[in-house]
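Numbering (the working numbering), first residue to last: 205 to 430. Down below is the structure, laid out as structure tokens.
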DNA sequence: CACCAGGCAAGTA
DNA sequence: TACTTGCATGGT
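Have a look at this one:
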């Protein structure tokens, strides 16, 4: 009953929800984020910066194999040792520093307890994540959404590319205004935000490359008209 | 061979 | 403020 009503609202007057429905119908459940623990997800969020997920998995597997995928396991290594573990993820020197910076912030602000970070208010936890050198808005929001399971909409380059090419948002919108557009149009629902971002990445990989955009058979063709 | 991947910081003009 | 560049491996 209720879901029928939701669906009618979507189809009537909300392009952002209609886009979600099309992607969801086309691709199905995405089941992001792979990762057994919150820490693993957080580490993955840093490692995947500008990096293919497959390479991140290799880096995470290295940490697991060495029994280093834990707060103390990472803390106990110096930057150069950590860098060797995460080498397959690329940018391994900067990412090793970024991971250490992130853990250090949790030590400084939250007694080294990841759960305390997640129990903090959204505003405070996001602010503290953003002040870490190496954590920008997308990484911070990915941690909050996928590790802390907070209703935060993650924006990435794909989101901007797809929605601006479909003229659903301004071409020059920055991160915060793009995020605000989604928050304005969508119900505040962690599961929806989780799935939506994953679907955007999935459709973008298939149809929304940087160059030579090839949109034949794209599930979003003429979404603004139908 | 070229291009890209679930960014960010620092430097330059 | 608005670009540009460094970081780097591995897949297509």
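Even glycine gets a Cβ: it sits at the ideal position worked out from N, Cα and C.
TODO: Indicate whether residue 377 and residue 385 have their beta-carbon atoms separated by less than 9 Å.
DONE: yes
Open item on the list: For the structure I just gave you, are there three or more beta carbon pairs, one from the stretch 334-350 and one from the stretch 364-372, closer than 8 Å?
Closed with: no
Open item on the list: Does residue 256 come out as helix, strand or coil in the three-state DSSP assignment?
Closed with: coil
TODO: Could you have a look at residue 218 and say whether DSSP puts it in helix, strand or coil?
DONE: coil
TODO: Note down the Cα distance separating residue 266 from residue 304, rounded to an integer number of angstroms.
DONE: 17 Å
Open item on the list: Using only the alpha-carbon positions, how far apart do residue 286 and residue 298 sit?
Closed with: 11 Å
TODO: Pick helix, strand or coil for residue 324, following the three-state DSSP scheme.
DONE: coil
Open item on the list: Please report the distance separating the alpha-carbon of residue 249 from that of residue 402.
Closed with: 13 Å
TODO: Return the first residue and the last residue of the alpha helix (DSSP H) that residue 380 is part of.
DONE: 379-389
Open item on the list: Let me confirm a value: residue 252 is counted as buried when at least 16 other C-beta atoms fall within 10 Å, else exposed. Which label applies?
Closed with: buried
Open item on the list: The alpha helix (DSSP H) that contains residue 422, what's its start and end?
Closed with: Unbroken run through residue 422: none, as it is neither H nor E.
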